Each structure stands twice: as structure tokens, then as C-alpha cells.
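Trainee: One structure is given below, represented as C-alpha cells, and several questions about it will come after.
There are 4 protein chains.
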Amino acid sequence: MKAAIVGASGYSGEALVRLLSLHPKIEELIVTSRSLAGTRLSDHMPAMRHIVGDLSFSESDPAALAARQDVELFFLALPHGVAHSYAQPLFAAGKTIIDLSADFRLNSTQKYAQYYGQAHPAPDLLKSTPYVLPELAAAGWQTSQLIACPGCYPTSIQLPLVPLLKAGLIQASGIVINSYSGVSGAGRKLAENFLYCERNESLQGYSMPAHRHLPEIEQELEKAAFADVIVQFNPHLAPINRGIATTIVAKAKHATIDTLYSCWEKTYQASPFVSLLPSGTFPNTQAVAGSNRADLAAVYDQRTDHFVITSCIDNLVKGASGQAVQIMNLKYGFDESCGLL
Amino acid sequence: MKAAIVGASGYSGEALVRLLSLHPKIEELIVTSRSLAGTRLSDHMPAMRHIVGDLSFSESDPAALAARQDVELFFLALPHGVAHSYAQPLFAAGKTIIDLSADFRLNSTQKYAQYYGQAHPAPDLLKSTPYVLPELAAAGWQTSQLIACPGCYPTSIQLPLVPLLKAGLIQASGIVINSYSGVSGAGRKLAENFLYCERNESLQGYSMPAHRHLPEIEQELEKAAFADVIVQFNPHLAPINRGIATTIVAKAKHATIDTLYSCWEKTYQASPFVSLLPSGTFPNTQAVAGSNRADLAAVYDQRTDHFVITSCIDNLVKGASGQAVQIMNLKYGFDESCGLL
Amino acid sequence: MKAAIVGASGYSGEALVRLLSLHPKIEELIVTSRSLAGTRLSDHMPAMRHIVGDLSFSESDPAALAARQDVELFFLALPHGVAHSYAQPLFAAGKTIIDLSADFRLNSTQKYAQYYGQAHPAPDLLKSTPYVLPELAAAGWQTSQLIACPGCYPTSIQLPLVPLLKAGLIQASGIVINSYSGVSGAGRKLAENFLYCERNESLQGYSMPAHRHLPEIEQELEKAAFADVIVQFNPHLAPINRGIATTIVAKAKHATIDTLYSCWEKTYQASPFVSLLPSGTFPNTQAVAGSNRADLAAVYDQRTDHFVITSCIDNLVKGASGQAVQIMNLKYGFDESCGLL
Amino acid sequence: MKAAIVGASGYSGEALVRLLSLHPKIEELIVTSRSLAGTRLSDHMPAMRHIVGDLSFSESDPAALAARQDVELFFLALPHGVAHSYAQPLFAAGKTIIDLSADFRLNSTQKYAQYYGQAHPAPDLLKSTPYVLPELAAAGWQTSQLIACPGCYPTSIQLPLVPLLKAGLIQASGIVINSYSGVSGAGRKLAENFLYCERNESLQGYSMPAHRHLPEIEQELEKAAFADVIVQFNPHLAPINRGIATTIVAKAKHATIDTLYSCWEKTYQASPFVSLLPSGTFPNTQAVAGSNRADLAAVYDQRTDHFVITSCIDNLVKGASGQAVQIMNLKYGFDESCGLL
């Protein structure tokens, strides 16, 4: 099978190249980049010298890509506001598209406009696009031609919370979420704020109280809770390359720590990429770096009748590239873990 | 004036040696260490080679220290459960003692026993010991002979919250606090968990939901609120040497972001070490590293009617050694900033 | 095929567990640890939760291991001075042993005694043990029952230098080698020097001028040069988890940069794990982290008629665990890259 | 006394602002920046909020600065190729100028053109400009109106080598120098190479074999040796904010480690900023970070008859801003350490 990665020059794109290059079901990989077309991938991503051989970046023209007869599957590792301009012609040409951007994550075009500063460019296509967090998505999404991958913060938040909201074990109101992300979450953007000397030895919040991932988080938690959900979401940057550590405070609803863990166990018993840590131990970003695994744990505070829930993922893998490969695996009937261990 | 640092071999002790060595009012410094007595300080703390000259660690015998006629002021940079055994004889000998440990911070001997795992060793002395966060302490503490310095997390939490609780601008219930600390907060303890390779590229929570600083935090917030205060306090470790970044969610009580800032401005207008950042910007641990300054900021979320408050301090300076020097300055009538810029 | 890792609790052992757990030719893995016997591996190495299942550490008794009928292949990831006590009974029992320690690397028992502070414990076994850097080892080693893996620094040094010395392109005398290693090179040793706060923001030399790897380096360079080789070897620690960056200055012997690169190309044309970077670019430890690849480059300085040669490896992979797996692959006739991409 | 820092927006400029703001002999500080003129310094350099008050960046027009009657002393913290355009009018106006750039460091205009890619813009002024490394500069430089500060790498190299070359204790030929620098050495340049994720976990060489500091290093070593000096200089980047660690290999010339240390002791006995570490211990960048101190040590290798010399400085302090303040102190007759402890 052939696959193409459109926009492979960023950190998520690079992580996706690594996974697909080594994936046993992918025999040929096309990688495109507007800025790097014509150059060898290994010159820009030296960590993959022994994996990618002479693979070069090709042009990123949407129409030309849509016209290729030999490629059926496209991954879009593009910025929001750009991805749709590829998704539309590829969709029209009958291709399968796994979109890592935010363009098709929000059901509400109004929220898209509010948080991304532009009218949604393809509202019709949006309607038929499922949002797929593989462990939690409703059955049937595999037949969709275009699939939206969740964002990194939302993944670290939905995995612990969605089952608990569905089961009614926590209150839907008053949830407080603090997340710390590695700097790769900002991509390869050239801004003073992301220079080594600026972020080293630095812990700092940003984009509070209305980060762009907020409507995505609330949208999915509302589906789980069958109720309005308004959360406090506090994102921060920390001096690590990869990883998100999320800590969530949620009020228990006649639930104990045992019922919480039982709910998680039931939900994730067949999931190769969700790991439950004993209560009283705490996930560590280092332990998930480079992996598609999410680590979850929780403690119960009887003083406050709240659960304190902690989760860690690699923002570039389970939060982006690995999740996209997991979606591919499930859509095409491969083993869910294929190429992801 | 002569001063002694008892237990100068840890990270806080080291930071205190630096400050007092360069302090214009201290003409001679005595440093003690049970483990390093007889060795030169510069051999263990090479960063201070050009500052401390031939200063050597001396013995740490409590009785012998109490008997010294030439030293009036003692800083205790000792672990909890050890500090009191110095504080008692020094107090009896009429010395002034600034204690950086937790031994005299909690008014409740019951809470001390619960959180520190042993009966309080000196309940009588405890009663007469004020807890002094200089910017917030009630007038009159300067006449006390023994003074308890606040802990690092509590300092980063009280500075933003105490004025707001006193002024009734936030609700005393439902406060959620997330803090990330640099690894120096763990001291020089030899444990696998604090090895470079374990903490590098790692973000991880610990000691939830009942960290030892919790009763100290609640005790002081209760004094400010004139009400019971039960907070959710989530401490974490991050791969930086120094700094605490705290993010607090608190419900507004008929207050706006302007009234919040006005309250802070009024409280801290004469405080050289509290800096208010504009709403929408965020404190950064890097900016306070090595300094006695606390940076505070807040945003208001109209969706939730909550404030999100962020603060940063250097855990070893404003959270320990610098605070102790600031207390000394105020007690002895020196300029508050003396030796701290 | 079954394999056992003896002493799997260190960083190299952990890296080896990861590689062998995912290796397509290994169907069962036994891991032993004196200190962790009876406990689950995933509790100590959380990064491998989704890979190792319920694998537990078993006892490390040499005689019992030697008596196991079901295991033919043993990896020794033990400290020097300990490995031999396993190698001897395993050898006697006819097992195949790949030893990652220093116990069988030096041909000279005198040098072993001098640099490792004890008489060589098994001089007879030493004589029949080949030192195998797979890209450079003389043919025929595959029939040996016990194989010594090279050290991390020596690997980063031999790969660039051995072909040049063999070809007579550089002078054997006057070679100066500077290496910087990630902190994992020190293992999980509990010493103040390896605490996070001590190594963070720190660059520092150590063990000059006679690091333990020096005799190993010189021994192998001498074999290549057919001459005495005395090098200046300067090891340092840098605040990264994994990687060695080596910079070598060697006098050209009527050679140009083109002849140097031709020699390397000829030597490594069939080697999947040696990558040659264009002259004027420089290897980066980040690019080899987690990989079994070595990156090499060189520039020629006409002012001094010297080559400046740079190489990078991951000390735990190409410098230890990956190299051991590569040796296994070659010994058993698997593809050289099997399980290593 | 008033002083102006021209080009205060870079890392060296920022470090200089800190030192001069707290310097007891400077009562007013003017800071200029072409890009930040009109904005408050504390908004860009939040670490100095409590030190600099409302200080704002002013315009950087050379003529206007030269015309100011109230300022006598100017520090140029500008890129090479820009500094001279300020130095010339300021010199003509009779001002004192301490130049931190490379514009007046090289005696040879030919070398300047070769290494900096442009003809020297002010050869006449160059002739009368002394190069001042305070511990080593020939007497009499204090009367000069324009003074060139050494570069960071050259400072870490000259301090150990110049006395030894002057005393004839090492050979002038065959010196090999390896240096690792913190990332702040690259300044605030927006290039992908200096993004956090690119430099974190990365050790990498660059600019070999002809870094721009090479002619400066050789020029000063030649003055000391009274002979041609051609060195091998290998610069690298390491993931720390501040610091240079230099390791030098030099052949002994009938000298022992004791004569080497005696020579250093004699040279630096009155120098507050050079610290000699016992042979067998090794300087650490962490120990000099934020300080104007240089730490030196050496070992003798009898196998090679070479010394291995190690030195550490903070590239932004002893390698730039601190050195400039030290020069000011000496030129104006202040205590050499004034404002530098």
C-alpha cells in the first residue's frame, strides 16, 4: 500500500514519516512539503538517515496530488486553515484522508470562526467528517472517507474523562484541567519565545483562559456527559521536547476510587495503548516519550470528595502521528498496534 | 554583625550562604554542617569560590552553638524534625532564630503529627513563634525571638491569594492549585528518583492529594478568609533547577479583574519583591530564578466566573533563603532589599 | 528462540530489554536482577508497560542460570568484575554469551589489573574471547561462544579511526580525542554528582588523563595501525540523557578529505548503521538518540594538515544494547538490522 | 556617573544591563535599541523587573548619542560590522567606548576581512585600540579611549594558556582546543537551529576548522609565545544556557604540573576572578554561571608528556558583560570587583 504525507516538514509530520517508513503495511511513502520540495528528507531529518534512504520531498499541489492514481491514502500534517484546501480536492477525487489538523474537529462552524479567526472553509465536508479518538469513537467511523484526528491536549483529557462522564462517576460541571506540554507542541515556528535559551529553565502558562483546544475538549466531553460542559483549561509550556502531563480535578458523583478504576478497566481492557497505573502512583512524560501509549492514574481526596486524575501522552505520537497511524490500522483492518510498538 | 547558618550543606543553605556572604550588614558568617564539619565550603560549593574565601564548615553541636557569646543570629536550614533540637537551646540562650524548616510553621500540633509523622517536639515554643511571610505578616512580629519562614509552595500560593481572600474578592471554597517545582525542591537527597536521567524530559505529579505543605497552605488561607478553607493542591516536578510555577483557579465573588488587580496593587505597592504582570501575560520561572521576586498575574474567565491566577518564585530564594534574609532585614531595621538585589 | 538478560536493571539492560522484547526472532525473554528479583519489570521501567506485559525479574544465580536447559543465549549487562562470574559457568555449560561489560575486552591482564583495580579473574577464558565491533571485527568471530562487546566511548572512536589507520591515511601518533557523554553513561549509580540539579546546566570533564576506556581504545587502534598508539582521551559529561559526541584531531598522512571519505565509504558501504555526513556538516547526538546508527563526518584543515573528525552514537544503543543485538543478529545469521530499525 | 549601553537587546546586552543597574558607581543608565526603542526594558527582560524600574530603550542614532553632553561612557553590545559605526562618531566626540564586539579585536585588517567577510571599516581607529583581557593586558591600556573586549571562547583559552606560553612551559605548536558553549552564545538569532527542540538533548560541533574566533585566539597566543601559533580549535554547542567549557591539550616543555600551577598562581595571585582548582578536579560551567569567575585546572599525562588543561567561564559574563564592567572598573580606578560579586 502507498501512502502520502502532505506537509511532512513539521515535528508531527516528521514523527509520522518515522512511523510509516517502518510500518509493515506501507510499501511506499510519498512526502510533500511546499518549502522543502526537491530536497532529500534525510538532510532535514537526520535522525532518520538509516530509515528513509533517498526519499525526497515532492511538491504539495492539491490538484496534482488528487490526480495521482497510485495513491489512495493521504495524511494531512498541515496547519489549520490550510488542511481543508487539500482535503476538499482529495475528497472529491475519492481519496481516503486522515487529517491531523484542527480543520475538521469542531462540529460548530461558529466555534471554529471564534477560536481560529476565520470562517470555516468547508462546512459541508465538516458535517460528514467523524472525530476519531480510536479508543472512544462510536462504531462505524471506519467507513468514512475523511477522518479528523484529535488534538494533543484533548487526547490527554478525553481518555481519562470520557468514560467517567459516560458512566456518571464525576460531575460534568466544575472540572479544572491543568496541562504542561513539551515545546514541540509549538511546532518549528521561528519565534523568540521558542528559542532554546528562552524555554530552558522555564515553566510558563499561556493562552489562558481560552486556548484553541478548549472548544474541542468541551465538545467531546459534552457528548460523553449528555450535558453542557464548561471546563477551566490551563495550558503551560515546560522544558522538555515531547510530552503532555495533564492533571484534572473533578467532583466525584457517589463514586469511589475503585469504581473509577473499574470503569477505566472496562473501557480500556482491549486497548493496547491505554495503561492504568495504580492509585497513588503518577504518570511521567518520560515513560511515554516516543510511544503511542497513554498512562492514566487517579487518587480520591476524601477531604474534598474530588478525584485528582493524571495522564501523560507523547504529544507528537498519541497526540498526533501515532494516533493517525492507529486510525489507519483500524480503518484498513490491520492490527491496532501494527507499526506502533 | 555575625550570623550563623546551621545546616548549610543543602541547596537552601547554599543559597543562604551566598546571600549572607555578600550582605553588607553581615561582617562574619559561621556555617555549620554535621556531615561536612572541618572541610572548606568552597570545595563543596564551587560556585562560591570567589565569595567565601577560606570559610569552613564548623561543628553543629546545639549546646556549643547556644553557648557562643559572639553570635546573636542563627538561621536554621535543617530538615523538619531536626530544627527544633537547635531552636530550643538557642532560644533558651536568648538568641534570635530564623527557622527555614517546617517545625514551627503549623499552629496545630495535631496537624504536625499527621503530616510529619511524629509528635510535635516543642509545643510550648511553637505557641510563641510567628509565621512570617514578610509581605503579609501581621505587624509586631519583629519583636519575636524565633520566627518561622514559610515553605516554598505556600509562598507562591499565599502571595496571590491572601489579599484576595481578605478583601472577599474570591470564594474561599473550591480553590484548585497546581504547582510545578524545580528539582532543587527535593534537596540533595540521594534517591534514584532524583538522578539526572530520571528527571530530565520528565513531568510528573507526586504526593497528591495530601502533600506536607497542604496544612500550612490551608492554615494561612483560613486566617485570611476568616473561614474554613479546603483546597485541592497538586504538586509536580519539572526538569528545571529552580523555580515554582503555580496556577490557581478560584471563583470570583462579585469581583472583576480590575478589582483583583487593585487589591493586589494596594497590598503590594510598597513591596519591592512582588511584581504584578499585566492580565494576559504569564509569569515565568526563568524570570525569577536567582531572585527574591514573586511575579503574579491573573485573567478572568467570564464563561466560568473564575479567576485563573499564576505566580512564580524561585523556591530556593523567595521560597527559602531570600525570604529568610528579608525577614532578617525587617527585624533588624535594615532596608528590606538590603543584600537581595 | 529464548534469550536471557542477566542484570537487566541498569540503563543498558533496560535498553536491551526494549530491543529484545520487540525482536522478531526472540520469542521469550528472561530477565534477571539480584536486587529486583520477583518484581515486575514494568513497575521499574514504566516506559515499557505496553511491551513487556507481566514479565518479571528472576533470580540471578549463576549456577541456576547455567543449568537451564531451555535457554541457549545469555546477554550479560553487568558491572565489570561481576560479569566474569556469570560468564565462566555459562561458558562451561556450553551457552552462548554476549558480554556488555569490560571483563573480556582487554587482551592484557596487566592492563585490566591496572585500570580496573583487580587481577583479571578469568585469564584463560579471556584468551578465547573475541572483541567484536561488528563493522570492524575480523571474520570468523561468529563461531565463538563468548563475545565481548565494545564500550561506548571506544565505539565512537574506532568507527571513524580504525579504517583510516588501517589504510595509513592518518598518523598513529599524536591523536587527540575529546568526548562528551550523556549522563546515562554513569548508570543508575546513586551519587550526588549524578543528581539532576548537579548535572543540569553543567559541562565538566572527568577521569583525565586515564579513563578506564583508554586501554581499550589504544588496544584496538594499535591492531589497526600495526604500531604503538598512545592517544590523549578527554571524557566529559553533558546534560543530555543519551549520546556521545566525539571530536578527534589526527594528522593527515598524504591524504585528502576525499581519500578519507573514500576509505570510509569503502569500509561502510554495506553497513546499515554507519552514516557518513558531508564534510562541513556535523553529527548531532539528538539525531542518533534511540538508534543503533553512528554518524561520522570530517573536515580537513590545511593550516595544520590535520583532519578534524566528529562522530555521534547513542551510548546505550550503538554503545551497548544495540551493538549486542547486532552481534546476535550476525552470529545467528539473522539480517544485521533485524529488530534494530 | 552615567553610562550608556548601545544595543542592549541581546543576551550580552541584557547581562550588562543587570550588572550596571546594580553597580554602585553608575547612577544612571541609558539603554538603546534600534528595534525596541520606546518600549520598557522590563517588558522584554522580565528577570529585571525589580531592578530596572521604568527604564526604557531609547533610540540608537550614532550622531545623537555622540552629541549627548551628559554621558561620557558607552558600552557597545552590537554585532560585528555594526559596532564600528558607533565607535567612530563616539570616539570623535571624545567619549570613552568599551566595545564588546569583534570589530576592534584583530590587529590584522586582512584577517578581519577573511573571517568576517568585509573590509575592516575603520583601520585607523583599529591601530590605537588595545585588546584588553584585564588579567593579562599590558600596562597602560587604561588611558585608551576605545577598548576592545575579548570574545568568549578566546577568554576561556587565553587565561590558561597565555601565562604558560610566556613562561615557556608549553610548546607553542600542536595545541588542540575543544570548547563547548551554551546556546546563549548564538544570541537571540531566530534560526531553526536554535529552537528549543533542536538544541535540547543535542551535542554538536560547528564552524570547524575555522571559527571566527580563531584569528583572535592565535593573535593573542602569538603575542605571548613570541612565535607563530597555529591551533586546532573545535567549537561545539551544548544544551545549557550559559557557559563555556574548554579543554586544551598542549605539550609540556620541560615542565611539571607543579611548575604549571606555580606559573598560574604567580600570574593570578591578585586576580579576584581567576580560580585555580586542584589538579585532578575539573571546572564545571554550572559553578561559574552568572559569575565573572574563570575556573582553571590541569593534569599532566606522563604517557604523552602533555598537559590537559580545562577552563570554564560564563560566556555572557566573563566572556562579555562582566569583562566589560571589569575593564570599566580598572579604567576608572574603582575596585576591580566593584559590582561584580
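Chains as they are written, first to last, in this note's numbering: chain P, 14 to 354; chain L, 14 to 354; chain S, 14 to 354; chain C, 14 to 354. We treat Cβ as the ideally placed atom computed from N, Cα and C, and that holds for glycine. Computed from a prediction, not measured in an experiment: that's the story for all the values here.
1) At 8 Å on the CB atoms, spell out the chain P contacts of L:P252, in chain order.
2) What residues in its chain sit with their C-beta under 6 Å from that of S:A300, if we drop five residues either side in the sequence?
3) So for S:F88, helix, strand or coil by DSSP?
4) Report the residue ranges of all alpha helix (DSSP H) runs contained in full by the segment 42 to 115 of chain C; include only those spanning at least 4 residues, in chain order.
5) For S:K279, count neighbouring Cβ atoms within 10 angstroms of its own Cβ and tell me buried if that reaches 16, exposed if not.
6) Going by DSSP, which residues form a beta bridge with L:C325?
7) Using a Cβ-Cβ cut-off of less than 7 Å, give me the residues of the segment 210 to 225 of chain C that come near chain S, in sequence order.
8) Count the other CB atoms, across all protein chains shown, that sit within 10 Å of the CB of S:S121; report buried if there are 16 or more and exposed otherwise.
9) Once you ignore the five residues that flank P:Q336 on each side, which residues in its own chain have a CB closer than 6 Å to its CB?
10) Taking Cβ-Cβ distances shorter than 9 Å, what residues in chain C pair up with P:E27?
11) Could you confirm whether any beta carbon from chain C is found closer than 9 Å to the beta carbon of P:A7?
12) Could you tell me which residues DSSP puts in a beta bridge with L:Q245?
13) Touch check for the segment 256 to 271 of chain C and the segment 188 to 200 of chain C: three-plus C-beta pairs under 8 Å?
14) With DSSP collapsed to three states, give me the class of C:N213.
15) By a C-beta neighbour count over all protein chains shown, 10 Å radius and 16 as the cutoff for buried, is P:S215 buried or exposed?
16) Determine the DSSP secondary structure at S:Y345, reduced to helix, strand or coil.
17) In the segment 122 to 180 of chain P, which residue ranges form an unbroken alpha helix (DSSP H) of at least 4 residues, counting only runs that do not cross its ends?
18) Between L:S69 and L:L86, how many whole angstroms is the CB-CB distance? I'm expecting something under 8 Å.
19) Could you tell me whether any Cβ in chain L is nearer than 9 Å to the Cβ of C:S304?
20) What are the residues in the segment 49 to 70 of chain P lying within 7 Å of chain S by C-beta distance?
21) Determine contact between the segment 166 to 176 of chain L and the segment 316 to 333 of chain L, defined as no fewer than three beta-carbon pairs at a distance below 8 Å.
22) Relative to chain L, which residues along the segment 278 to 293 of chain C have a C-beta separation below 7 Å, given in chain order?
23) Is the segment 169 to 184 of chain S in contact with the segment 14 to 34 of chain C, if contact means three or more CB pairs nearer than 8 Å?
24) Could you compute how far the alpha carbon of P:A80 sits from the alpha carbon of P:I39?
25) Give me the subset of the segment 324 to 337 of chain P whose CB atoms are less than 7 Å from a CB atom of chain L, sorted by chain position.
26) In terms of alpha-carbon separation, which member of S:A151, S:L103 and S:G94 lies closest to S:G130?
27) In whole angstroms, what separates the C-alpha of C:E235 from that of S:A251?
28) Tell me the DSSP bridge mates of S:H319?
29) Please report the distance separating the alpha-carbon of C:G153 from that of C:K140.
30) Output, in chain order, the set of chain P residues within a Cβ distance shorter than 9 Å of C:Y24.
31) Over the uninterrupted alpha helix (DSSP H) stretch that includes P:V301, give me the two end residues.
32) Rounded to whole angstroms, what is the Cα-Cα separation between P:V242 and L:A311?
33) Rounded to whole angstroms, what's the CA-CA distance from P:A223 to P:F246? Just pull it up for me.
34) Please report the distance separating the alpha-carbon of P:V287 from that of L:P248.
35) Exposed or buried, which one is S:G198 when buried takes at least 16 other CB atoms within 10 Å?
36) Can you pull the chain C residues whose beta carbon is under 7 Å from the beta carbon of P:F207, in chain order?
Mentor: Put simply:
1) Simply A251, P252 and I253.
2) none
3) Looking at S:F88 - three-state DSSP - the assignment turns out to be strand.
4) Runs of the alpha helix (DSSP H) inside the segment 42 to 115 of chain C: 54 to 57, 62 to 65, 75 to 80 and 96 to 105.
5) exposed
6) L:A258 and L:D308
7) E214, S215, L216, Q217, G218, Y219, M221 and P222
8) Around the C-beta of S:S121, fewer than 16 other C-beta atoms lie within 10 Å, and the residue is accordingly described as exposed.
9) C162
10) None at all; the shortest Cβ gap to chain C is about 10 Å.
11) With chain P running from 14 to 354 in the structure shown, residue 7 of chain P is simply not present.
12) L:V189
13) yes
14) In the structure shown, C:N213 adopts coil according to DSSP, grouped into three states.
15) buried
16) In the structure shown, the three-state DSSP call for S:Y345 is coil.
17) 122 to 129, 136 to 140 and 165 to 179
18) In fact, because the Cβ distance is near 20 Å, the residues do not count as touching under 8 Å.
19) yes
20) Answer set for the segment 49 to 70 of chain P: P59, A60, R62, H63 and I64.
21) yes
22) P285, F286 and S288
23) Under the three-pair Cβ rule at 8 Å, the segment 169 to 184 of chain S does not count as touching the segment 14 to 34 of chain C.
24) 20 Å
25) none
26) Answer by Cα proximity: S:G94.
27) Going by the C-alpha atoms only, they are around 32 Å apart.
28) S:K264 and S:D314
29) 15 Å
30) C210
31) T298 to V301
32) 23 Å
33) Between P:A223 and P:F246, the C-alpha separation is close to 8 Å.
34) 24 Å
35) Under this definition S:G198 is a buried residue.
36) Neighbours of P:F207 on chain C, chain order: L208 and Y209.
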